[in-house]
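For what it's worth, numbering that gives the first Met the number 0 labels the leading residue of the sequence shown as 0, then goes sequentially. I have placed the structure first, in the form of structure tokens, so that the comments after it can refer back to it.
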Amino acid sequence: MDKQVSNKEYYWLNSHSRLFLERGYLEPGVTPEQRIRQIAENAEKILKIKGFADKFEEYMRRGFYSLATP
Numbered sequence: 000m001d002k003q004v005s006n007k008e009y010y011w012l013n014s015h016s017r018l019f020l021e022r023g024y025l026e027p028g029v030t031p032e033q034r035i036r037q038i039a040e041n042a043e044k045i046l047k048i049k050g051f052a053d054k055f056e057e058y059m060r061r062g063f064y065s066l067a068t069p
């Protein structure tokens, strides 16, 4: 992957993916970025690893993680 692309803020989160998420994966008024942060903070709480939320969020931003759908 091109370094410039991987360092861009949520390069994978375009208008199409936002629309897809809004159609059933997000609560009304919650942005994908907010939901990713909620998931990251919950993971840190469960794992009890200080700083995990920031690392998780960074990996999501860069496209290193892809969450499974329910």
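For each residue, glycine too, the CB sits at the ideal point set by N, CA and C.
Residue i: buried (16+ other C-beta within 10 angstroms of its C-beta) or exposed?
{"i": "Ile-48", "result": "exposed"}
{"i": "Ala-39", "result": "buried"}
Just the C-alpha distance for residue i and residue j, rounded to the nearest angstrom, thanks.
{"i": "Ser-65", "j": "Gly-28", "result": "22 Å"}
{"i": "Ala-67", "j": "Arg-22", "result": "16 Å"}
{"i": "Phe-19", "j": "Arg-60", "result": "17 Å"}
{"i": "Ser-14", "j": "Phe-63", "result": "20 Å"}
{"i": "Ala-52", "j": "Leu-12", "result": "19 Å"}
{"i": "Met-0", "j": "Asn-41", "result": "Interpretation of Met-0 is limited by its pLDDT of 46, a score under 50 that renders its predicted location unreliable; the figure taken from the coordinates is listed afterwards. Distance between the alpha carbons of Met-0 and Asn-41: 29 Å."}
Excluding the 5 residues preceding and the 5 following residue i in the sequence, name in chain order all residues of the same chain whose CB lies nearer than 8 Å to its CB.
{"i": "Gly-50", "result": "Glu-43"}
Please tell me whether residue i and residue j are closer than 8 Å, where the distance is taken between their beta carbons.
{"i": "Tyr-10", "j": "Glu-32", "result": "no"}
{"i": "Arg-34", "j": "Leu-25", "result": "yes"}
{"i": "Glu-57", "j": "Arg-36", "result": "no"}
Going along the chain, which residues of its own chain have a beta-carbon closer than 6 Å to the beta-carbon of residue i, five neighbours each way excluded?
{"i": "Lys-54", "result": "none"}
Quick one: what's got a C-beta closer than 7 Å to residue i's C-beta in the same chain, skipping five residues either side?
{"i": "Arg-17", "result": "Pro-31"}
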